[in-house]
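Chains as they are written, first to last, in the working numbering: chain A, 1 to 245; chain B, 246 to 490. Report on the structure given below.
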DNA sequence: CGGCTGCTTGACCGTCATCAATAAATGTGG
DNA sequence: CCACATTTATTGATGACGGTCAAGCAGCCG
């Protein structure tokens, strides 16, 4: 059930105008006046690392944008096998208008802050601000492309290629957009545990671990602790991925 | 390039009112007057089995709905490894407003008829008929869910489960909606070759073949030729899939 | 009939999963 | 701050599933 059972509940209320995802989220095309409207109906929720945000099949009462932190979308089978089917990073949207149940499990992997709207209120907003629908369609289509790219990875890539692709993905998405210090080592902070990486890549935790060490031994990456990866030669890492045509 | 190099070009022009996908495609919510408008700007194109409809990166000049036949969306790597990332069946939409290049290769696997719109014309339509945008968003979100379900299959299911899931999928989608003759054998006509099935399931053609025979030997399915599958015990087939929770 | 293409079957092997044992990181209470 | 417990990650040994290579088979068409 969305927004139940979380112990911690930060009620910080940031003005939309100074919101970190102001220009990327579903609200990106809102003008000042519209932002005021958004400010008046939105509310924030915070989840701790590991908390369940929503479960597949739950009634979908609240729609939200991820403001900070990282969450996963996942799908699992009765016998426990699980696949992460999407990574949610700041500006990503959770839930969908026109549906009344949650389609996939949503889990916070770090502390997560959501900017929330009751579904009814959001659907009203979509009528008042058609650009919200347009932006939502754009974002859905982007996610669709991303999902399909991931299908290539899951269906066809080797374990080593999967890890390399994953590192490149994280490097891209965590970098504040077009910031290429081609001189110094690129340093990647992994938001996911080995366990979660494995379920994202369709591998086991052991294989993930082995491939990390293999890449390290081959000098493609360097590991500092378990969550920090530095990339001495970015081209070498890219070469590990025989990229889509 | 969309709509080049096809030899055969059927110019049949069906009235929207009697279109087979009238109530499922992007135009499903159009009224009679709007249908007339659609009739006046749409045009049909036909592709032969095996023909390329569009290639990744091509300029996207035409958007279309699939009216009849089956096509695939696929993604491939430089070295030739290929993954089918979507199956296009009647009523599915091809292309996306707001993009100017094709995101994935589109290939006809049977003879295919498309109901086409020049991109500009279609974007005008979206303005005149907002329900088209809404329907498009709905369809995009459905596809997104389907893509994510497929990620679970690709990442976590065994070869046998993949084949069983595939058969169930085809059975569902080819059946004219909620038609359950629980008595007699269900008969599935496969629109895809073993080759294409393999690239859809992230397997090799040999493994697909072996799993088909395995399921046959176990009495779960019966094969009549290479494209016709009959299912004596539907429950047995469903049991092969340890379904998502 | 031969030649073609698509499918099946067999023999073998490699990649990755499984099971199991450390080792490292993180947390807890004294 | 250190002993101890717990979780998380690494490493090793082994085997299974599915891939690869190769040969046969079936349907199709000239």
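Idealized CB from N, CA, C, for every residue including glycine. These numbers come from a predicted model, not from an experiment.
Through-space distance from residue j to residue i, alpha-carbon basis
i                      : j                      : result
residue 471 of chain B : residue 437 of chain B : 10 Å
residue 221 of chain A : residue 230 of chain A : 6 Å
residue 232 of chain A : residue 162 of chain A : 19 Å
residue 444 of chain B : residue 37 of chain A  : 48 Å
residue 49 of chain A  : residue 197 of chain A : 15 Å
residue 154 of chain A : residue 411 of chain B : 17 Å
residue 93 of chain A  : residue 430 of chain B : 44 Å
residue 395 of chain B : residue 375 of chain B : 30 Å
residue 391 of chain B : residue 205 of chain A : 26 Å
residue 88 of chain A  : residue 463 of chain B : 42 Å
residue 370 of chain B : residue 284 of chain B : 12 Å
residue 10 of chain A  : residue 139 of chain A : Because residue 10 of chain A carries a pLDDT of 48, less than 50, the predicted location of this residue cannot be relied on, and no value is offered for it.
residue 134 of chain A : residue 164 of chain A : 34 Å
residue 85 of chain A  : residue 71 of chain A  : 11 Å
residue 382 of chain B : residue 34 of chain A  : 22 Å
residue 324 of chain B : residue 152 of chain A : 13 Å
residue 386 of chain B : residue 214 of chain A : 38 Å
residue 341 of chain B : residue 61 of chain A  : 29 Å
residue 364 of chain B : residue 148 of chain A : 23 Å
Exposure label - residue i; buried when at least 16 CB within 10 Å
i                      : result
residue 17 of chain A  : exposed
residue 252 of chain B : Confidence at residue 252 of chain B is low in this model, with a pLDDT of 39, below 50, so the placement of that residue is unreliable and no value is reported for it.
residue 368 of chain B : exposed
residue 173 of chain A : exposed
residue 143 of chain A : buried
residue 485 of chain B : buried
residue 132 of chain A : buried
residue 328 of chain B : buried
residue 372 of chain B : exposed
Cβ neighbours of residue i in the same chain (closer than 6 Å, five flanking residues each side left out)
i                      : result
residue 350 of chain B : 300, 301, 319
residue 415 of chain B : 433
residue 480 of chain B : none
residue 207 of chain A : 159
residue 25 of chain A  : 65, 91
residue 76 of chain A  : 82
residue 292 of chain B : 251, 298, 353, 357
residue 355 of chain B : 294, 314, 315, 436
Start-to-end residues for the alpha helix (DSSP H) that takes in residue i
i                      : result
residue 169 of chain A : 159-174
residue 494 of chain B : There is no way to answer for residue 494 of chain B, as the model of chain B reaches only from 246 to 490.
residue 363 of chain B : Looking at the DSSP string, residue 363 of chain B is not in any alpha helix (DSSP H); the run it does join, the beta strand (DSSP E), is 357-363.
residue 388 of chain B : 375-401
residue 224 of chain A : Residue 224 of chain A -> not in any alpha helix (DSSP H); beta strand (DSSP E) instead, spanning 222-224.
residue 480 of chain B : 479-484
Spatial neighbours of residue i in its chain, beta-carbon cut-off 7 Å, leaving aside the 5 residues before and after
i                      : result
residue 223 of chain A : 212, 216, 229
residue 90 of chain A  : 20, 21, 66, 67, 68
residue 209 of chain A : 194
residue 286 of chain B : 362, 366
residue 15 of chain A  : 39
residue 447 of chain B : 328, 399
residue 268 of chain B : none
Boundaries of the beta strand (DSSP E) in which residue i is found, first to last residue
i                      : result
residue 201 of chain A : No beta strand (DSSP E) contains residue 201 of chain A, which is instead part of the alpha helix (DSSP H) from 194-201.
residue 63 of chain A  : 62-68
residue 86 of chain A  : 82-88
residue 273 of chain B : Residue 273 of chain B -> no beta strand (DSSP E), and no H or E assigned at all.
residue 73 of chain A  : 71-76
residue 100 of chain A : Premise fails: residue 100 of chain A is in no beta strand (DSSP E) and is neither H nor E.
residue 299 of chain B : 297-299
residue 291 of chain B : 288-292
residue 229 of chain A : 228-231
residue 16 of chain A  : Per DSSP, residue 16 of chain A belongs to no beta strand (DSSP E) and is neither H nor E.
Close-in-space but distant-in-sequence residues of the same chain around residue i (CB under 8 Å, 5 per side omitted)
i                      : result
residue 401 of chain B : none
residue 114 of chain A : 44, 45, 46, 47, 53, 64, 65, 66, 67, 94
residue 242 of chain A : 161
residue 413 of chain B : 482, 483, 486
At least three beta-carbon pairs within less than 8 Å, the stretch 96-105 of chain A to the stretch 21-31 of chain A: As far as the Cβ criterion goes, the stretch 96-105 of chain A does not touch the stretch 21-31 of chain A, which means the pair count is below three.
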